[in-house]
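A quick write-up on the structure given underneath.
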Ligand code: 3HC
Ligand code: NAI
């Protein structure tokens, strides 16, 4: 049942009941209208309370219905809200926990609203690339004032109910039990007429035009490729400049336009993709998890320090183990400095600073980490070092402790085999800087136990990461794909591009950084090291030699003050480098390639389709569980533009047959073998299907 109707004394109670968050899907909307009608027909009922069963009042329109005709089927949310607003008996919204989007719009259509303290109030539609489409942009400014409403609608961020207690949004913040307070309130107002309506409130803001123009300018500068934020300002402007019904009509037109945009479809895809990523087909939600109250990290280098900070930020004590006192001191000092910088920027209180610093300690002795619930290894990327560490961990760690490796390329099954408890071993691949980047690739070994997976997935949420599970293969999901992208980037240099031309082409599309700026940031020596290994292991793969030549020049990137670009001391801004460009042109001549002018379209297609083709193999091999997991990896770990929804969603949008056609064209060029479509891609394209 999607909403329950009950009569309690002289009050009708309509309880939204559409788990998990009482989304206002078609059936729920129907049930509300039926409830109101029953309450009207029952002469004994003097007032109606609407509330939400379970964990929310309502999370808003049912986003899952957006792509189906049900979303617009009558009674629409508009109709439901009109039914409430025009009801002859008072309607009181009793709000707890979450009141968002269409849920808040529904509440704004009620005559009165009572909330529990701490309820999260928001119009988050902008985060889905749309705007509130059921009167929110017209009623919220009337209820809370123009500025507060504009901030809430443009940011989409929640505000707690107490903060809005003094506005016309709430008639009362309930002390104690919400339904008891709502019942007392309903009885108090049952006979009051006329019934108050938010739509009748006048917005009093004398110089509103200047304020709205200022807001428009600010929002325009910040919204990038997304049309929704500016549309939000326009809709709120209509609340002051137009009559209520005209404003509603204007909001509706904007909503219908936005909901069809690729940007909105991409954001909705990302919303569900993020939630789907934490679900594994064979690890049910009720799989028991191991308790994690303490963490150990082995290695206090670049990654170990950042990894430790994640846990301290979540209030979990961490002990870092190093080989030598000097390395340990250096690692701990770097962590402290990081926190100090955040403190100086005012992003951390002194109290939180003290707490976090106190949660991190160091040791050189394995016995001192033996009781940790999980240990994460972040030592050198070398199998013999990993072997030494895992054998030691196996010897000392308490039974049931989870043994995790942060390896970025090595075989987690081999690492597990160094222990007598491979079921407890898992990969936790953090991205640099580990305390900042959202992505956590969780690498499932052949023998990793289900409860270990469930525990690490839950832990990733606790430390606010997007956990995506990958099977074992060289580079896992993200780095295995990036290798194909980097190979194409190298070929493009040989064929006629400069690093800045390649970077600019993808950055124009919205990538956080092109491949060469990324290389300079991460360190070109890391890729060099990996390629050297691959030259031995996979001699059939052809790489452009430009990256090796660059490293032979000692140009490892920002850390050496020179890479694909030149850098000035203390400045991260890249300057095109004459020596590098010369090296590239000479290399083209040396290998007998005639340089040509290459279009931005060719650059972006070759880079992105190289990712997509490898991803299709990854999907087919079961390394990734679903296409949307691959999108999450790229959106949260590789700066792939959010408004495209990730590489797989992007390819779906372009049309897989168009992707294959472009690949066939590139197959006729140099290194054509790289463009053989993966069987899954070829099949889906031939059937006119999509990845997602
Ligand atoms: N519709 C359908 N399903 C929804 C939903 C919605 N509006 N909001 C959340 N869900 C689902 C999630 O997909 C997830 O499902 P799953 O368990 O099957 O994966 C489940 O609810 C729980 O979601 P979270 O994991 O996000 O749970 P949290 O407790 O962390 O957060 C929340 C709850 C704050 C409600 C968060 O889910 C959220 O922000 N939801 C989006 C709210 C939103 O954007 N509402 C606006 C909708 S658009 C609208 O109303 C248009 C109108 O203006 C016309
Ligand atoms: P790093 O060189 O900065 O740090 C490694 C640390 O481990 C050093 O402080 C070293 O003293 C310590 N160490 C080495 N052997 C040890 C041992 N036997 N016992 C205890 N401590 C030991 O290396 P970084 O960059 O932090 O990488 C660590 C791991 O994380 C590697 O597996 C790497 O592939 C992986 N990784 C690195 C990323 C990066 O961007 N740097 C990104 C994702 C994963």
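Residue numbers (the working numbering): 6 to 697. Ideal placement from N, C-alpha and C gives every residue a C-beta, glycine not left out. What you are looking at is a predicted structure, and each value in this text was computed from that prediction instead of being measured.
Assuming residue i and residue j form a contact by the criterion Cβ under 8 Å, report the distance between their Cβ atoms to the nearest whole angstrom.
i	j	result
residue 54	residue 92	The Cβ separation is near 12 Å, so there is no contact.
residue 126	residue 109	6 Å
residue 102	residue 62	6 Å
residue 386	residue 415	7 Å
residue 581	residue 505	5 Å
residue 661	residue 629	Wrong, their Cβ atoms sit about 17 Å apart, outside the cutoff.
residue 392	residue 435	In fact, because the Cβ distance is near 21 Å, the residues do not count as touching under 8 Å.
residue 16	residue 50	7 Å
residue 336	residue 310	5 Å
residue 586	residue 552	The pair is not a contact, with the Cβ atoms about 15 Å apart (cut-off 8 Å).
Under the three-state reduction of DSSP, which class applies to residue i: helix, strand or coil?
i	result
residue 177	strand
residue 203	helix
residue 643	coil
residue 626	coil
residue 11	strand
residue 129	helix
residue 119	strand
residue 144	helix
residue 136	coil
residue 420	helix
residue 66	coil
residue 571	strand
residue 580	strand
residue 228	coil
residue 545	coil
residue 20	strand
residue 277	helix
residue 475	strand
residue 527	helix
residue 101	coil
residue 185	helix
residue 78	coil
residue 165	strand
residue 56	strand
residue 29	coil
residue 562	strand
residue 502	coil
What do you get for residue i, buried or exposed, if any count of 16 or more other CB atoms within 10 angstroms of its CB means buried?
i	result
residue 652	buried
residue 485	buried
residue 31	buried
residue 67	buried
residue 274	buried
residue 639	buried
residue 488	buried
residue 34	buried
residue 635	buried
residue 611	buried
residue 400	exposed
residue 675	exposed
residue 21	buried
residue 496	buried
residue 378	buried
residue 707	Given that the chain is displayed from residue 6 to residue 697, the structure contains no residue 707 and the question cannot be resolved.
residue 116	buried
residue 354	exposed
residue 72	exposed
residue 369	exposed
According to DSSP, which residues form a beta bridge with residue i?
i	result
residue 382	303, 410
residue 323	300, 365
residue 433	447
residue 285	288
residue 96	53
Would you say residue i faces chain B, with C-beta separation under 8 Å as the test?
i	result
residue 413	Absence of chain B from the displayed structure is noted, only one protein chain being present.
Given 8 Å, three or more beta-carbon pairs between the stretch 556-571 and the stretch 468-481: Contact fails: fewer than three Cβ-Cβ distances are below 8 Å.
contact_flag[the stretch 131-139, the stretch 232-243] where n(CB pairs < 8 Å) is 3 or more: Segments in contact, yes.
Cβ pair count under 8 Å reaching 3, the stretch 323-336 against the stretch 441-453: No contact exists between the stretch 323-336 and the stretch 441-453.
Sufficient close CB pairs (3 or more, under 8 Å) joining the stretch 613-622 to the stretch 651-665: They touch, by the three-pair rule.
Stretch-stretch touch, CB-based, cutoff 8 Å, three pairs: the stretch 180-189 with the stretch 259-268: With a cut-off of 8 Å on Cβ pairs, the stretch 180-189 is not in contact with the stretch 259-268, counting fewer than three such pairs.
contact_flag[the stretch 244-264, the stretch 205-215] where n(CB pairs < 8 Å) is 3 or more: By the C-beta criterion, the stretch 244-264 is judged to be in contact with the stretch 205-215, since at least 3 inter-stretch pairs fall below 8 Å.
Touch test, the stretch 283-292 against the stretch 449-459, Cβ-Cβ under 8 Å, three pairs minimum: The stretch 283-292 vs the stretch 449-459: in contact.
Three or more C-beta pairs below 8 Å linking the stretch 78-88 and the stretch 167-175: Between the stretch 78-88 and the stretch 167-175 there are fewer than three C-beta pairs closer than 8 Å, too few to call the two in contact.
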